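Peer 1: Please see the structure below; I have some questions.
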Amino acid sequence: EAQVTQNPRYLITVTGKKLTVTCSQNMNHEYMSWYRQDPGLGLRQIYYSMNVEVTDKGDVPEGYKVSRKEKRNFPLILESPSPNQTSLYFCASSYLMPGRPVGNNEQFFGPGTRLTVL
Amino acid sequence: SQQGEEDPQALSIQEGENATMNCSYKTSINNLQWYRQNSGRGLVHLILIRSNEREKHSGRLRVTLDTSKKSSSLLITASRAADTASYFCATGLRQGAQKLVFGQGTRLTINP
């Protein structure tokens, strides 16, 4: 089954304790992206990756890191989480045609990770 | 500000009625997509309409696109309780960052 998986689904942690949220897709998609969703603010892009070893900042990258060492995985790292990073996080992936905008294709979303930072 | 903005923010109708949601955007687009999100879960792609298309159907869904007004509408006919969800439009830009830009969504409630 084609899918995007995220782990963990729920996490409660404390300020400053490093954490990683994993994301994996089995569709051989080139493009992967992380979003956070907050009430009244919609979905905001954190980081995205066009392919292996190619990552770039989205709209709200502060406090986050990512890596893309393998095509299927795109972990989100919070080196020193703070309470303002409490949010619902989504990973998404899509096919990417060479030279064409990523917005040409539908994105497949993971089930979400609800993070609470105390 | 957001590229896509949905209207209304919330909509409550009776089962069987039609639901219409609107989306406005600001800059030139390659396409516009609609997604559904059940409470707290991942977004699911519903339909994509390209900038050279005016109308598209998928089952009970009808999407229109008016590039001159920079707006789109999503019509769900003969609504069902299972249609209760949030609906988001997302625009794929012609130029600029490689991403979809999501609106803040319309919360649709179907009352039995």
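Chains A and B are the protein sequences, given in the same order.
Position one of the first sequence corresponds to residue 140 (my numbering), numbered consecutively onward.
Position one of the second sequence corresponds to residue 2 (my numbering), numbered consecutively onward.
For glycine and all other residues, C-beta sits at the position ideal for the given N, C-alpha and C.
Given the structure is predicted, the values throughout are model-derived calculations rather than measurements.
So, does the CB of Asn112/B fall closer than 8 Å to a CB anywhere in chain A?
Peer 2: No - not a single Cβ of chain A is within 8 Å of the one on Asn112/B.
Peer 1: Just to make sure I have the definition right: I need the residues of chain A whose C-beta is within less than 8 Å of the C-beta of Gly60/B. Which are they?
Peer 2: In chain order: nothing, as chain A lies at least about 16 Å away.
Peer 1: Which same chain residues end up closer than 7 Å to Gln15/B when comparing Cβ atoms and leaving out the 5 residues on each side of it in sequence?
Peer 2: The residues are Asn112.
Peer 1: Look up Ala82/B in the DSSP assignment and say whether it is helix, strand or coil.
Peer 2: Ala82/B: helix per DSSP, three-state reduction.
Peer 1: I'd like the span of the beta strand (DSSP E) that includes Tyr234/A, first residue to last.
Peer 2: No beta strand (DSSP E) holds Tyr234/A; DSSP gives it neither H nor E.
Peer 1: Can you pull the chain A neighbours of Lys27/B, defined as C-beta to C-beta under 9 Å?
Peer 2: Simply none; closest approach about 15 Å.
Peer 1: Give me the Cα-Cα distance between Thr225/A and Arg253/A, rounded to the nearest whole angstrom.
Peer 2: Using only the alpha carbons, I get a separation of about 8 Å.
Peer 1: Mind listing the chain B neighbours of Thr227/A? Cutoff is C-beta to C-beta under 9 Å, in chain order.
Peer 2: The amino acid at residue 227/A is misidentified as Thr; the sequence shows Leu. Correct list: Gly41.
Peer 1: Enumerate, from N- to C-terminal direction, the unbroken beta strand (DSSP E) stretches of 3 or more residues contained entirely within the region 57–82 of chain B.
Peer 2: Taking only runs of at least 3 residues, the beta strand (DSSP E) segments lying wholly in the region 57–82 of chain B are 62–67 and 72–77.
Peer 1: In this structure, what does DSSP give as the bridge partners for Ser188/A?
Peer 2: Ser188/A pairs with Met171/A and Thr194/A.
Peer 1: Quick one: Cα of Leu101/B to Cα of Tyr187/A, how far?
Peer 2: If you take the alpha carbons of Leu101/B and Tyr187/A, they lie about 11 Å apart.
Peer 1: Could you tell me which residues DSSP pairs with Arg42/B in its beta bridges?
Peer 2: Beta-bridge pairing links Arg42/B to no other residue.
Peer 1: Can you have a look at Tyr149/A and say buried or exposed, based on whether 16 or more other CB atoms are within 10 angstroms of its CB?
Peer 2: So Tyr149/A counts as exposed.
Peer 1: Bridge partners of Gly181/A, per DSSP?
Peer 2: Partner(s): Asp177/A.
Peer 1: Could you tell me which chain B residues have their CB closer than 7 Å to the CB of Met189/A, listed as they occur along the chain?
Peer 2: Chain B residues near Met189/A: Gln99.
Peer 1: List the endpoints of the continuous beta strand (DSSP E) containing Thr161/A.
Peer 2: Taken as a continuous stretch (DSSP letters only), the beta strand (DSSP E) holding Thr161/A covers Leu158 to Gln164.
Peer 1: Do three or more CB pairs link the region 155–167 of chain A to the region 209–218 of chain A at distances below 8 Å?
Peer 2: Yes: at least three Cβ pairs fall under 8 Å.
Peer 1: Show which residues of chain B have a CB atom less than 7 Å away from the CB atom of Gln214/A.
Peer 2: Checking the sequence shown, residue 214/A turns out to be Pro, not Gln. None at all; the shortest Cβ gap to chain B is about 17 Å.
Peer 1: In the DSSP assignment, the beta strand (DSSP E) including Phe103/B goes from what residue to what residue?
Peer 2: Residues Leu101 to Phe103.
Peer 1: Would Met171/A be called buried (16 or more neighbouring beta carbons within 10 Å of its own) or exposed?
Peer 2: Met171/A is buried by the Cβ-count criterion.
Peer 1: Where Leu208/A and Glu192/A are concerned, what is the direct C-alpha to C-alpha distance, given to the nearest angstrom?
Peer 2: For the record, residue 208/A in the displayed sequence is Lys; it is not Leu. Cα to Cα, Lys208/A sits roughly 6 Å from Glu192/A.
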